[in-house]
Amino acid sequence: METGKTHFTDPMTKHRLAVFASGAGSNAQKLIDYFKTSPFATVALIVCNKAGAGVLSIAEKEGIPSLLIEKEQFFRGNAYLPQLQEAGIDFLVLAGFLWKIPQVLISAYPKRMVNIHPALLPKFGGKGMYGQYVHEAVLQAGEMETGITIHYVDEHYDNGDIIFQTACPVLDGDTPEVVANRIHQLEHLHYPRVVEEVVRNLEQTNRD
Ligand code: GAR
Numbered sequence: 215m216e217t218g219k220t221h222f223t224d225p226m227t228k229h230r231l232a233v234f235a236s237g238a239g240s241n242a243q244k245l246i247d248y249f250k251t252s253p254f255a256t257v258a259l260i261v262c263n264k265a266g267a268g269v270l271s272i273a274e275k276e277g278i279p280s281l282l283i284e285k286e287q288f289f290r291g292n293a294y295l296p297q298l299q300e301a302g303i304d305f306l307v308l309a310g311f312l313w314k315i316p317q318v319l320i321s322a323y324p325k326r327m328v329n330i331h332p333a334l335l336p337k338f339g340g341k342g343m344y345g346q347y348v349h350e351a352v353l354q355a356g357e358m359e360t361g362i363t364i365h366y367v368d369e370h371y372d373n374g375d376i377i378f379q380t381a382c383p384v385l386d387g388d389t390p391e392v393v394a395n396r397i398h399q400l401e402h403l404h405y406p407r408v409v410e411e412v413v414r415n416l417e418q419t420n421r422d
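Residue 342 in the working numbering sits at position 128 of the sequence shown, and the numbers go up by one each step.
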């Protein structure tokens with residue numbers, strides 16, 4: 215396939231999702247499970263920037279191809295766009311992926327890339343705000359509630375249009391680990407179905 219142009223799926227065939235993750239991959243696992251029975255999309259590729267990350271074992275166990283990426287090619291090369299295109303990927307799902315997305319990919323997947331953030335953006339977002347750091351900052355600030363945000367990805371950290379948010383309480387005595395667990399439950403419950411909804415809306419747009 216030609217580099218620089220992204221071929222988008224025929225509306226009658228399943229969308230092919232690439233899940234980008236850097237860590238344990240609990241959200242990646244939920245996405246894989248959910249889309250096993252979805253008529254609209256399938257998880258076709260796992261992209262990871264960290265050798266030995268849990269998400270790579272998940273990919274292997276599930277028989278899903280994975281792509282281990284390195285910094286130089288991602289930020290100063292082709293950003294692996296040809297590999298994504300070759301795998302027929304037409305939608306990117308970030309699930310605990312800790313590198314900024316280069317402009318090459320943002321241009322190639324307009325409104326076809328979403329991220330999940332473990333707080334109620336625009337609060338507690340931006341560079342360095344990921345995982346435990348987010349929950350620690352929420353507790354430090356004495357917030358009464360926190361939550362999750364699913365949003366489109368643009369060239370700035372945690373900045374794209376918000377698609378979905380839902381909140382949960384922060385309780386007396388909560389530790390970052392307790393908050394992380396509560397947040398993970400919300401993420402696992404909502405992320406797969408929200409991604410499916412976005413992908414279904416694309417289909418609508420394609421047909422219009
Ligand atoms: C998730 O809570 C996700 O929201 C967060 O990383 C965790 C990954 O967990 N992402 C960020 O903080 C991005 N700024 P997982 O590897 O178990 O899915």
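Built from N, CA and C at the ideal position, the CB exists for glycine as well.
DSSP three-state assignment for residue i, whether helix, strand or coil
i, result
"His-349", "helix"
"Gly-268", "helix"
"Ala-242", "helix"
"His-404", "helix"
"Glu-284", "coil"
"Arg-326", "coil"
"Ala-394", "helix"
"Phe-378", "strand"
"Thr-217", "At Thr-217 the pLDDT is 42, less than 50, meaning the model places this residue with poor confidence and gives no usable figure here."
"Ile-320", "helix"
"Gln-296", "According to the sequence provided, residue 296 is Pro. The question's Gln does not apply to it. It is helical."
"Phe-289", "helix"
"Tyr-366", "strand"
Candidates the options, of which the one nearest residue i by Cα
i, options, result
"Thr-389", "Gln-346, Pro-336 and Leu-400", "Gln-346"
"Cys-382", "Val-412, Asn-373, Lys-325 and Gln-399", "Gln-399"
"Ile-362", "His-331, Val-392 and Gly-387", "His-331"
"Val-352", "Arg-326, Ile-320 and Glu-391", "Glu-391"
"Ala-242", "Leu-416, Arg-414, Val-409 and Val-413", "Val-409"
"Glu-357", "Leu-385, Ile-376 and Gly-374", "Leu-385"
"Leu-259", "Leu-231, Val-318 and Gly-387", "Leu-231"
"Arg-290", "Ile-303, Gly-277, Leu-298 and Val-318", "Val-318"
"Phe-311", "Leu-270, Asp-247, Glu-350 and Glu-276", "Leu-270"
"Gln-354", "Ser-252, Ile-377, Pro-336 and Gly-387", "Gly-387"
"Tyr-303", "Glu-350, Arg-326, Glu-286 and His-365", "A quick correction: the sequence has Ile, not Tyr, at residue 303. Taking only the C-alpha atoms, the option nearest Ile-303 is Arg-326."
"His-365", "Val-348, Pro-336, Met-343 and Asn-329", "Asn-329"
"Gly-235", "Met-343, Ala-265 and Leu-295", "Looking at the sequence provided, one finds Ala at residue 235 rather than Gly. Measuring from the Cα of Ala-235, the nearest candidate turns out to be Ala-265."
"Gly-277", "Ala-394, Val-393 and Asp-247", "Asp-247"
"Pro-324", "Val-261, Glu-286, Glu-284 and Glu-369", "Glu-369"
"Asn-263", "Tyr-344, Pro-253, Glu-286 and Thr-251", "Glu-286"
Other residues of its chain near residue i: CB distance less than 7 Å, five sequence neighbours each side excluded
i, result
"Tyr-371", "Lys-314, Gly-339, Gly-340 and Lys-341"
"Leu-334", "Thr-360, Gly-361, Thr-363, Gln-379 and Ala-381"
"Ile-376", "Leu-335, Thr-363 and His-365"
"Glu-411", "none"
Status (buried if at least 16 other CB within 10 Å, exposed otherwise) for residue i
i, result
"Glu-300", "exposed"
"Ser-321", "exposed"
"Leu-282", "exposed"
"Arg-396", "buried"
"Ala-309", "buried"
"Leu-306", "buried"
"Asn-415", "exposed"
"Ala-273", "buried"
"Leu-403", "exposed"
"Glu-401", "buried"
Beta-carbon proximity list for residue i, same chain, < 6 Å, skipping 5 on both sides
i, result
"Ala-238", "Gly-268"
"Ala-293", "Pro-316, Val-318 and Leu-319"
"Ala-255", "Lys-228, His-229, Leu-231, Phe-249 and Val-413"
"Leu-245", "Val-233, Val-257 and Pro-406"
"Val-367", "Ile-315, Met-327, Asn-329 and Gly-374"
"Ala-394", "His-349"
beta-carbon residue i near the ligand NAP non-hydrogen atom, thresh 8 Å
i, result
"Leu-312", "As far as ligands go, the structure on display features the ligand GAR and does not contain the ligand NAP."
Contacts around residue i, its chain only, beta-carbon distance under 8 Å, and the 5 residues preceding and following it disregarded
i, result
"Gly-253", "In the sequence under discussion, the amino acid at residue 253 is Pro, which differs from the Gly named in the question. Counting only Cβ-Cβ distances below 8 Å, and skipping sequence neighbours, we find Lys-228."
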